[in-house]
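Peer 1: The opening position of the sequence shown corresponds to residue 207 in this note's numbering, with each subsequent residue numbered one higher.
Got a structure here, written out as structure tokens. Questions coming.
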Amino acid sequence: MGSVEVVNYKDKNKNPMERKASTLTNLTNLLLNENQKGQSTRITFRKPHYIRAVSKTGECNIYPSRVPKKHFIKDIFTTLVDLKWRYTLTIFIFGFVITWTCFAVLWWLIAFYHGDLEDNHLPKYQKASNWTPCVTDIYDFTSCFLFSVETQQTTGYGEKRPTEKCSDAVILMCIQNVVGLIVDAILVGVIFAKLVRPKHRAQTIKFSKHAVISMREDALCLIFRLGDMRSKSRILEAKIKAQFISEKASKEGEQFSKYLTKLNLSADDCDNDLFLIWPMMIVHKITQHSPLYRMTKNDLVKQHFEIVVSLEGTIESTDQKTQARSSYLASEILWGHRFKSLMSVCEEKSGYTVNYSKFDETFEVDTPECSAAEISNYNVFNENKN
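Here's what the structure looks like:
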């Protein structure tokens with residue numbers, strides 16, 4: 207059996223009439239060829255793949271291009287923190303090695319020009335020749351490198367130590383100590399900042415895999431589940447937000463490929479302020495102000511949009527702000543479903559148990575397949591009739 211799959215019916219290089227004519231021509235040629243061979247043809251159409259702005263794990267799929275690198279250099283600390291660990295550790299190691307080596311070269315130059323490296327001025331001959339070096343116990347570049355490490359890391363001088371003979375050595379010692387403190391502050395600070403970044407706390411914030419649409423309090427609602435898997439370090443002052451991203455055209459004909467609309471959310475009777483000690487149902491009531499107001503179950507299958515949800519709050523243990531994100535495409539919204547219950551009483555611990563293995567599980571419920579607008583009109587009609 208022959209088969210053809212039309213992957214994308216949106217060709218930006220052609221107008222709608224040209225696209226339609228081109229598609230019909232291709233299909234006609236295919237059918238003629240297959241009929242001549244005595245084969246049947248199955249034709250399947252597939253909607254264009256929607257590229258999400260925010261991944262399910264919260265990563266933003268936005269990649270700036272042609273940005274001048276000077277902007278990243280000016281904000282060097284953030285640039286270093288954002289690098290991958292392998293690059294950060296490489297810079298950390300080479301940052302110290304390079305500064306040690308550079309100052310070792312300077313110490314070697316001081317010893318060389320002062321004459322400390324001449325054969326009769328080496329440490330074992332200094333007492334006999336009554337020679338006072340700039341730095342004691344220096345034989346070669348290796349000795350200078352070891353002295354540079356001792357000076358910068360303040361490990362304490364042993365046999366190698368500067369003398370009052372050379373003012374250059376005293377000045378260089380002070381400079382290296384200051385530079386060493388700066389290098390330590392930057393490199394150690396970068397490592398510490400990467401370790402305590404609040405974004406790692408977001409890994410234990412869980413959003414449900416799917417959102418659902420069902421009736422709640424006589425209104426059609428979009429619902430998703432949110433939970434914090436940590437039991438000790440809680441998220442304080444948690445707030446939940448949602449943005450509806452879709453294509454839109456203005457009254458003047460201006461096209462917006464990514465237009466953001468705020469969705470009003472609530473959890474129980476707490477608006478968007480959450481007391482997140484157990485998994486909660488986050489509800490968007492589909493009213494006339496919602497972009498989902500006129501959307502039916504059949505429309506949902508055909509739509510291309512994305513709902514980006516974000517949780518912001520303060521980490522109890524570190525007092526740092528954190529944000530967890532996720533998103534839902536139209537294909538990830540289940541019409542006529544509800545989430546299963548997770549919580550049960552634990553008498554042994556005098557508390558409650560949350561079974562996160564059921565976090566994404568749903569079950570079907572009777573739900574009108576019409577839009578919230580049609581339900582509202584129906585209710586108004588019945589009220590007027592009565």
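Ideal Cβ placement from N, Cα and C applies to all residues, glycine included.
Please read all numbers here as calculations on a predicted model, not as lab measurements.
(1) Between which two residues does the beta strand (DSSP E) containing L378 stretch?
(2) Rounded to the nearest angstrom, what separates Q409 and A530 at their Cα positions?
(3) Compute the Euclidean distance between the alpha carbons of F587 and Q509, then round it to the nearest angstrom.
(4) From S582 to L517, what does the alpha carbon distance come to, in whole angstroms?
(5) Do H416 and D566 count as a contact pair if the criterion is CB distance below 8 Å?
(6) Our contact map puts T559 next to S547 with C-beta atoms below 8 Å; I'd like the distance itself, whole angstroms only.
(7) How would you label G557, buried or exposed, when you count the other beta carbons within 10 angstroms and need 16 or more for buried?
(8) Given a cut-off of 8 Å on the beta-carbon distance, is the pair V489 and S472 in contact?
(9) Is there at least one Cβ from chain E nearer than 8 Å to F430's Cβ?
(10) Can you tell me which of the three DSSP states C266 falls into?
(11) Would a C-beta distance cut-off of 8 Å place L442 and P485 closer than the cut-off?
(12) W306 lies in the alpha helix (DSSP H); which residues open and close that run?
(13) Starting from the C-beta of L230, find all residues in its chain whose C-beta is less than 8 Å away, skip the five residues before and the five after it, and write them out in chain order.
(14) So, under 8 Å CB-CB, F450 and I513 are touching, yes? Tell me the CB distance rounded to an integer number of Å.
(15) If I measure Cβ to Cβ from K226 and keep anything under 7 Å in the same chain, skipping five residues before and after, which residues do I get?
(16) G264: buried (16+ other C-beta within 10 angstroms of its C-beta) or exposed?
(17) Taking 8 Å as the cut-off, does the segment 343-360 touch the segment 303-313 (at least 3 CB pairs, one atom from each stretch)?
(18) Check for me: the alpha helix (DSSP H) holding T357 runs from which residue to which?
(19) Whole angstroms are fine: how far does the CA of V396 sit from the CA of H495?
(20) Less than 8 Å between the C-beta atoms of L482 and R422, yes or no?
(21) My understanding is that C340 touches D325, with C-beta atoms under 8 Å, so please give their C-beta distance in whole angstroms.
(22) By a C-beta neighbour count over all protein chains shown, 10 Å radius and 16 as the cutoff for buried, is V507 buried or exposed?
(23) For the beta strand (DSSP E) holding D434, just list the boundary residues, first then last.
(24) Do D346 and E365 have their CB atoms nearer than 8 Å?
Peer 2: Walking through what the data contain:
(1) Element bounds for L378: not the beta strand (DSSP E) but the alpha helix (DSSP H), 373-401.
(2) 8 Å
(3) 29 Å
(4) Note on geometry: alpha-carbon atoms of S582 and L517 lie some 31 Å from one another.
(5) yes
(6) In fact, because the Cβ distance is near 12 Å, the residues do not count as touching under 8 Å.
(7) exposed
(8) yes
(9) This model lacks chain E altogether, as it is built from one protein chain only.
(10) strand
(11) For the pair L442 and P485, the CB atoms are not nearer than the 8 Å cut-off.
(12) 291-320
(13) Below a pLDDT of 50, predicted positions are generally treated as unreliable, and L230, at 49, falls in that range; the measurement from the model is reported next regardless. Taken in chain order, the list of residues that qualify is empty.
(14) 6 Å
(15) At K226, the pLDDT of 46 sits below 50, so the modelled position is not reliable; the number obtained from the coordinates is stated separately. Here the set comprises nothing.
(16) buried
(17) yes
(18) It spans 347-359 - the alpha helix (DSSP H) in which T357 sits, taken as one unbroken run.
(19) 46 Å
(20) Annotated as distal: L482 and R422, with beta-carbon spacing of 8 Å or more.
(21) Not a contact, Cβ separation roughly 17 Å.
(22) exposed
(23) 425-434
(24) no
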